[in-house]
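Enquirer:
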Amino acid sequence: MTKNNFCTGDIVVLHPKTKHGKDRIAQHGSRWKVVTAVGSRPNSIRLESLENTFKLGDTKTKDSRWVDLPVDKDFEIIKQEVKNA
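When we follow my numbering, the leftmost residue of the sequence shown carries the number 35, and every step to the right adds one.
1. I need the DSSP call for Lys-89, collapsed to helix, strand or coil.
2. How many Å lie between Ile-59 and Pro-50 at the Cα?
3. Using a Cβ-Cβ cutoff of less than 8 Å, which residues in the same chain neighbour Cys-41 once the five nearest sequence positions on both sides are dropped?
4. Using three-state DSSP, classify Arg-75 as helix, strand or coil.
5. According to the neighbour-count rule (16 or more other Cβ atoms, all chains shown, within 10 Å of its Cβ), is Asp-97 buried or exposed?
6. Please name the residue in Gln-114, Asp-108, Lys-113, Ile-112 whose C-alpha comes closest to that of Lys-53.
7. Would you kindly work out how many angstroms separate the C-alpha atoms of Arg-65 and Gly-55, rounded to a whole number?
8. Just to confirm, is the Cβ distance from His-62 to Ser-83 under 8 Å?
Right, here's the structure in full:
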C-alpha cells in the first residue's frame with residue numbers, strides 16, 4: 035500500500051516482511067493506531083499498539099514504533115481504516 039495520507043487516529047494493519055516484523059506482530063498484533071502522522075521524522079508515521087502489550091517492569095503499556103513511508107524494511111501496511119470514515 036503506497037497511500038501516504040495518514041491522519042492521527044487512523045488504524046493500519048501491518049504485514050511482516052522480516053523476522054523482526056513477524057516477532058513484533060506476534061507480540062503486539064497486526065492492527066496499530068497512527069499517533070503521529072506528520073512529525074519530527076519525514077516520510078514516516080509513528081504507530082501505537084491497540085492493547086497494552088509491552089511489559090515495562092510490573093506493568094504493561096502500549097508499544098510504539100516508527101514505520102517508514104512509502105517502504106519500511108520490516109512492515110508493509112496492507113490496510114488503512116480511516117478515522118471518522
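Note that beta-carbon positions come from the ideal geometry of N, C-alpha and C, so glycine has one too.
Expert: In short:
1. Residue state, collapsed to three classes: strand.
2. Here the alpha carbon of Ile-59 sits roughly 7 Å from the alpha carbon of Pro-50.
3. Answer for Cys-41: Val-68, Ala-71, Val-116, Lys-117, listed in chain order.
4. The three-state reading of DSSP puts Arg-75 in coil, since its state is none of H, G, I, E or B.
5. That one is buried.
6. Of the candidates Gln-114, Asp-108, Lys-113, Ile-112, Asp-108 places its Cα closest to the Cα of Lys-53.
7. Whole-angstrom Cα-Cα distance: 13 Å.
8. Yes, the pair counts as a contact, with Cβ atoms nearer than the cut-off.
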